[in-house]
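Data block below; observations after.
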Amino acid sequence: MSTRLPGARPTGARLGSCVGAWALIVLFQFACATSTPRSNFMGYRSEPGLESATVYVVDFMEPGAVATRPVPIPRAEFQQAVLRLSRDVRLKQKTPRQAAHELLSLLGTPPDDPKVAATGYWKLEQHRGEGVTWILERQEGLVVLTPQAEQALKEKYLKWCEPRGGGDCLGLLDDDPYLRTDDRRTLALALAFGNVLDETRAALGRELLNVQALVSMVVWTVALYCMMWVVPEPTTKALAAGMTLILMGYLGLKTVYELMDGWARMADTAYHATTFEELRAAGEEFSKVLGEDAARAMILAVSTLAGHTLGQVVARVKSLPRFNLAGAQFEAQGGAAVMGSLEATEAALATEGALARAVAAAETVATSPQGPMAVVMLKKGRVGGGETAPGGRSAETVIRHRGGNRQVELSDGQRWHVPRGKSAADIPAEDKIGDMLQEAVTKAANEWGPHRLSRQERIAIEKAQKNGEYWLARLLEREARGRFVQRTVKNQFDHLYDFSLSKGIDVIDPATGRKYEILSGTESNLARHGKRMASEFFRMLTF
9 MSTRLPGARP
19 TGARLGSCVG
29 AWALIVLFQF
39 ACATSTPRSN
49 FMGYRSEPGL
59 ESATVYVVDF
69 MEPGAVATRP
79 VPIPRAEFQQ
89 AVLRLSRDVR
99 LKQKTPRQAA
109 HELLSLLGTP
119 PDDPKVAATG
129 YWKLEQHRGE
139 GVTWILERQE
149 GLVVLTPQAE
159 QALKEKYLKW
169 CEPRGGGDCL
179 GLLDDDPYLR
189 TDDRRTLALA
199 LAFGNVLDET
209 RAALGRELLN
219 VQALVSMVVW
229 TVALYCMMWV
239 VPEPTTKALA
249 AGMTLILMGY
259 LGLKTVYELM
269 DGWARMADTA
279 YHATTFEELR
289 AAGEEFSKVL
299 GEDAARAMIL
309 AVSTLAGHTL
319 GQVVARVKSL
329 PRFNLAGAQF
339 EAQGGAAVMG
349 SLEATEAALA
359 TEGALARAVA
369 AAETVATSPQ
379 GPMAVVMLKK
389 GRVGGGETAP
399 GGRSAETVIR
409 HRGGNRQVEL
419 SDGQRWHVPR
429 GKSAADIPAE
439 DKIGDMLQEA
449 VTKAANEWGP
459 HRLSRQERIA
469 IEKAQKNGEY
479 WLARLLEREA
489 RGRFVQRTVK
499 NQFDHLYDFS
509 LSKGIDVIDP
519 ATGRKYEILS
529 GTESNLARHG
539 KRMASEFFRM
549 LTF
């Protein structure tokens, strides 16, 4: 008996082939050691009164058409490195699944809900609000119902584990008697790793006792990391951000984006799979995109970054096989220009190469399908006093761009883009028009739903879904939402204010000359507006 519910499909599990249209955002965190503000990274001085703000200093990486390819990592060098890096990795009392969640600072998988009574107790596994799989917990009555597909998959998984240490070798059954969606994805990834996973196991087996747990933790960590890709604007933080930067160096941006697309296809297949053979086929398909060098780079990235301090990470990253080649490739993609223009605030990083500095300092890495650029944001931290805007409101500079323009948040929630030469004192003490427009923007965004799609938008989304491009379908829907919000606000206020949604500033109040921009409040979009409209003074109306 198959327990998969018919017709259930994810709406955002696929990345489109939009390699040439991606942007990368990197947020670096540097601590300020004293209460005296240091000079800013881009060579301009801090303005008086800004010392209390948490400031992201922004620059852009634009790799252009730089040719990249995966750095070859020989098997022997890989095995030596993975053994050396794994010697001091400790799982403590955690399962591999739990350790992976902790490394990536992720919450554990939420419990499946609700329980449905049949002839016993079952759990209904949900995905994006839809029921997916019934999972048996306890049977009662004279006739025992057996989920045959799940039982067969479990048996074949355990058989696959026999030559790999036996038992539940990947830790997939530590929370349920059958394989859930995340378990199936992780198993498919392990199958995609193929010989590289066997190489890892063989290397660790030379000295270490907890080989199975370490290998399982690595696979779980990579699987959870890759799931961060399956959204329209993937964002990775902390250790995951460092992994992204290492992959940029070892594989190149183009290959990383191809892996995003390949992972999304595999994740979608694993989501629907009911047999071991289907998961093996999905893994083999992904392995064609992955390749041995990328698989080795992923495993080394996890082993390098697992549970170490800033100083330790720098040394470990530099010890990776062929690191000089990876560092040179990272710099060629724009890393050298940006990192070379920055004044390191950590003395330990001052003499390091761009890739080592980036991995050690990265707080967040985000990608965006809006253009081949990278936004580098360095978090300066909080020190000293504050700035006051008219009306007695406190003002914090949250983003500072290389050209001297900045984005300021006020204590009442307003966000303004302030060009170079102006200050928070130029922000009006009262902005009833802006407040009214912001309220309308928020209301329109809340009114959005699929029923608002135009015929052309619906056709484009359905075409993407039909082609299996779930990521593209979700992106098209998000863009349609933005157009709906702008159009709704324009229809409401077009008779009062000047609207120009296709170019330049979105809204101008002719009575005061104040300018307003309607935009989604994602990190990439906010940073991009600061670059595109550096000389404009306007209020940012976000949704």
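Read in order, the letters of the sequence shown correspond to residues 9 to 551 in the numbering used here.
Think of the CB as a built atom: it goes at the ideal place given N, C-alpha and C, for glycine as much as any other residue.
Please read all numbers here as calculations on a predicted model, not as lab measurements.
Asked: Neighbourhood of ALA231 by C-beta, 7 Å cutoff - its chain only, sequence neighbours within 5 removed; Found: ARG193, THR194 and LEU197
Asked: Closest Cα partner of TRP237 within the set ASP420, ASN413, ILE441 and GLU266; Found: GLU266
Asked: Strand pairing of VAL416, partner residues [DSSP]; Found: THR405 and TRP424
Asked: CA-to-CA distance, PHE338 to GLU74, given in whole angstroms; Found: In the sequence under discussion, the amino acid at residue 74 is Val, which differs from the Glu named in the question. Taking the straight line from one Cα to the other gives about 10 Å.
Asked: Pick from GLY421, ALA403 and ASP420 that is closest to ARG414, judged by C-alpha positions; Found: ALA403
Asked: Reduced DSSP secondary structure (H/G/I, E/B, other) of LEU132; Found: strand
Asked: ARG482 versus LEU247, THR396, ALA369 and GLY457, residue with shortest Cα-Cα distance; Found: GLY457
Asked: Nearest to PRO82 (by Cα), restricted to the options ARG428, ALA302 and GLN220; Found: ALA302
Asked: Beta-ladder partner(s) of MET548, from DSSP; Found: GLU525
Asked: Nearest to ASP182 (by Cα), restricted to the options GLU487, PHE86, ILE407 and PRO104; Found: PRO104
Asked: N- and C-terminal bounds of the beta strand (DSSP E) containing GLU395; Found: 395-397
Asked: Alpha carbon of LYS440 to alpha carbon of GLU455, nearest angstrom; Found: 23 Å
Asked: ALA290 and THR277 closer than 8 Å at C-beta; Found: yes
Asked: PRO171 burial status per 10 Å Cβ neighbour count (16 or more: buried); Found: exposed
Asked: Span of the beta strand (DSSP E) around LYS245; Found: 243-245
Asked: Three-state class that DSSP yields for THR76 in the structure shown; Found: coil
Asked: Where the alpha helix (DSSP H) through GLU163 begins and ends; Found: 156-169
Asked: Three-state secondary structure (DSSP) of ASP206; Found: helix
Asked: Alpha-carbon to alpha-carbon, LEU333 and VAL79; Found: 7 Å
Asked: Pairwise C-alpha distance: LYS131 and GLY529; Found: 37 Å
Asked: From SER224, VAL367 and LYS167, residue whose alpha carbon lies closest to that of LEU99; Found: SER224
Asked: LEU287 to ASP443 span [Cα, whole Å]; Found: 53 Å
Asked: Beta bridge counterpart(s) of ALA368 as assigned by DSSP; Found: Per DSSP, none; premise fails for ALA368.
Asked: Nearest-angstrom Cβ-Cβ length linking THR189 and GLU110, presumed shorter than 8 Å; Found: Their Cβ separation, rounded to whole angstroms, is 21 Å, which puts THR189 and GLU110 out of contact at 8 Å.
Asked: Segment contact, 8 Å Cβ cut-off, at least three pairs: the segment 507-527 with the segment 539-549; Found: yes
Asked: For ILE516, three-class secondary structure by DSSP; Found: strand
Asked: Straight-line gap, GLY270 to CYS177 (C-alpha atoms, nearest Å); Found: 25 Å
Asked: Selected residue, minimal CA-CA separation from PHE551, among LYS539, ALA468, MET541 and ASN533; Found: ASN533
Asked: First through last residue of the alpha helix (DSSP H) which encompasses SER94; Found: 83-94
Asked: Cβ-Cβ distance between GLY335 and ALA362 below 8 Å; Found: yes
Asked: Residues bridged to ASP506 [DSSP beta-bridge criterion]; Found: ILE516
Asked: Opening and closing residue of the alpha helix (DSSP H) in which ASP191 lies; Found: 189-201
Asked: Presumed contact (8 Å Cβ cut-off) between LYS245 and THR372, rounded CB distance; Found: 5 Å
Asked: Beta-carbon contacts of GLY202 that lie in its chain and below 7 Å, excluding the five residues immediately before and after; Found: SER295
Asked: Neighbourhood of ARG489 by C-beta distance below 6 Å, restricted to the same chain and skipping five residues each side; Found: TRP456
Asked: GLY343 beta carbon less than 8 Å from that of ALA366; Found: yes
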